[in-house]
């Protein structure tokens with residue numbers, strides 16, 4: 030094998046190695062973009078979760094307040110019904 034052939038073979042091997050390196054670098058850049066996109070999605074999901082937790086807490090507080098108001102109205106209605114019954118039974 031002549032020196033020119035050896036240089037040509039080495040040149041092709043170097044070119045193939047550079048192509049492989051370039052392809053690996055592109056794969057790495059794509060993986061980094063994917064990782065960044067996933068991190069962004071995780072951040073958005075965390076923000077949504079925090080917002081939903083706040084809304085759930087507000088809803089639970091509203092529910093407790095409505096339950097209290099419902100009990101109060103029920104007691105007042107029961108007292109009014111009892112008063113009306115007493116008035117009606119005293120008129121007999």
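In my numbering, the protein residues as written are 30 to 121.
Every residue, glycine too, gets a C-beta built ideally from N, C-alpha and C.
- C-alpha of residue 95 to C-alpha of residue 85: approximately 15 angstroms in a straight line.
- Membership of residue 31 in any alpha helix (DSSP H) is not indicated, and neither H nor E is assigned to it by DSSP.
- Inside the segment 62 to 117, DSSP marks no whole beta strand (DSSP E) run of 3 or more residues.
- Within the same chain, and ignoring the five residues on either side of residue 80 in sequence, no residue has its Cβ closer than 8 angstroms to its Cβ.
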